[in-house]
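As structure tokens, the structure follows; a few thoughts come after it.
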Amino acid sequence: MGKNKDIHKLTNLMTKALRHKIGSIVNKDEFYANKYVKDAEVIMKEAEKVLLRQNWNDHDKGKIREQLRIKLRKELEQKDFLHNGKFEIMNEEIDKALKKFGLF
Amino acid sequence: METKFIKTVSKGSRFNQIYVPKSMESLIEVGDKVEVRLVKKLIEIHYSKGLKELSQFKENLIKSIFSFLNENFDFHTMFIVGSFLTEKIDYNDIDIVIIADKKDENFEEEIYNKLIEKFNLKFHVLIIEEKKFWRLLKICPLTKAMFSNFVCNKPIKIPNESLVNKNHIKFLLMMPYDLLEIRLNSRSFFDSLRRLITIKRFLKNKSLGIAEINEELKMLMADFLYKKIRDNEEIEKNSINFLREILKSKLKIIEDLIKNGEE
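Chains as they are written, first to last, in our numbering: chain A, 720 to 823; chain B, 838 to 1100.
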């Protein structure tokens, strides 16, 4: 699969995983918050498979970061049932995920 | 030499009582001052309605767990839920739910580590604040289903009352919606379908027994596919498409049902 397609797939998966993770942080009152962290981990594992398909250069890394930021913001805007504060931690969670994947 | 004795508290007609043993009546006399200290709390277990009696081994294990938690952490309400109660041997871990005045995540981990150290078994520990617990039993289909079967250290009645909270339900629907777009392991489909069946049954005021939920899920697909996704085995693309169709139809039913719920 081409790099651009993989970037698209990788950022889609990371977006969903981060949305679950952010949901588990901001909706802390939910009894099942821990469960959503696990949902995030399952999706992140799938993203890791895509990550390992390519060698990413600095240009790709920048592209991934930008796409992820746009997609996650849009995703969080749509999920109005996630508590306020989701946007405040968005960038921090993106950075953490990118660092974990060696894409920072 | 210290003058002491250990006795069991007995039920009196007006007050619970402890008798001074006959052999000690000259040592501890009327008018003497004594100190009474709890040495070991009696642990009783109470079954939820309809739950089959557990084996002596499982009952004793639960009593030991409750006793350990009571002695070390002084909790007043503790539950065992999940497959440990319903499966003879195929249970995943022992799910413990503790009702506490305040939730502390580090505390959860401390309890988990101490339980593992003591019993060398797999546990899953959840602490929940009392007021949230009662609220969740009204609004959360998954919590309600979890408490369809339980063993508790005291008699407790789970209320039947339900309240539809749209935001909470939407929160629960995130993963099933994701599975329409992304491909994850097959167990994710199993969990999401089971989640949707639970939510649908909750919204329709149907029983949330685990056996009934699993039965409804089984009816949706061939036995081989049910077993494959339950055991997280690899599945073909056409099976994924089939499962997505089921997800879609269940999501549609739920969306229609929650239209009139509270925000």
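Glycine residues also receive a C-beta, built at the ideal position from the N, C-alpha and C atoms.
Buried or exposed (CB count within 10 angstroms, at least 16 for buried), residue i
i	result
K1087/B	buried
I993/B	exposed
T730/A	buried
E765/A	buried
F1027/B	buried
A1059/B	exposed
S863/B	exposed
P1013/B	buried
D758/A	buried
Contacts that residue i makes with chain A (C-beta to C-beta distance below 8 Å)
i	result
L1021/B	V761, I762, E765
Proximal chain A residues relative to residue i, where beta-carbon distance stays under 7 Å
i	result
K1007/B	F800
S1025/B	V761
N1004/B	F800
Proximal chain B residues relative to residue i, where beta-carbon distance stays under 9 Å
i	result
G804/A	The contacting residues do not exist; G804/A stays about 15 Å from chain B at best.
H739/A	M1011, M1012, D1015
G742/A	F1008, M1011
Chain-order list of residues whose beta-carbon lies under 7 Å from that of residue i (same chain, five-residue window excluded)
i	result
L817/A	R784, F823
L1017/B	R1081, L1084, K1085
F912/B	L906, I935, A937
D779/A	K722, I726
I744/A	I808
G742/A	Y755, L801
R1020/B	I1077
V876/B	I843
The ligand GDP heavy atom lying under 7 Å from the CB of residue i
i	result
K844/B	Among the components of this structure there are no ligands whatsoever, and the ligand GDP is therefore not found.
Close beta carbons around residue i, own chain, < 6 Å, minus the five adjacent residues each side
i	result
I964/B	I935, A937, K940, E945
F916/B	V934, F987, C989
P978/B	T1035, I1036, F1039
G919/B	D932
M763/A	A736
L732/A	I762, E765, A766
S904/B	I880
L1057/B	I1083
DSSP three-state assignment for residue i, whether helix, strand or coil
i	result
A937/B	strand
F960/B	strand
H883/B	strand
E1052/B	helix
Q854/B	strand
F806/A	helix
S847/B	strand
E830/B	The structure shown does not extend to residue 830/B, since chain B is modelled only from 838 to 1100, so the question has no answer here.
V761/A	helix
F820/A	coil
N1004/B	helix
F987/B	strand
S892/B	coil
Q797/A	helix
W971/B	helix
S1071/B	Note that residue 1071/B corresponds to Glu in the displayed sequence, not to Ser. In the structure shown, E1071/B sits in coil (DSSP, three-state: anything other than H, G, I, E or B).
F910/B	helix
K1096/B	coil
P978/B	helix
L864/B	coil
R1081/B	helix
A1059/B	coil
Residues near residue i in its chain [Cβ-Cβ closer than 8 Å; skip 5 each side]
i	result
I1091/B	I1006, L1010, L1033, I1036, K1037, L1040
E947/B	none
In DSSP terms, what residue i is bridged to
i	result
D932/B	V918/B, H961/B
Q786/A	Bridge partners of Q786/A: none, in fact.
F903/B	Looking at the DSSP assignment, F903/B forms no beta bridge with any residue, so it has no partner.
Partner residues on chain B for residue i, Cβ-Cβ distance less than 7 Å
i	result
K735/A	D1015, I1019
N723/A	In chain order: nothing, as chain B lies at least about 18 Å away.
D758/A	M1012
N746/A	F1008
Amino acids of chain B, ordered along the chain, whose beta-carbon sits closer than 8 Å to that of residue i
i	result
L732/A	I1019
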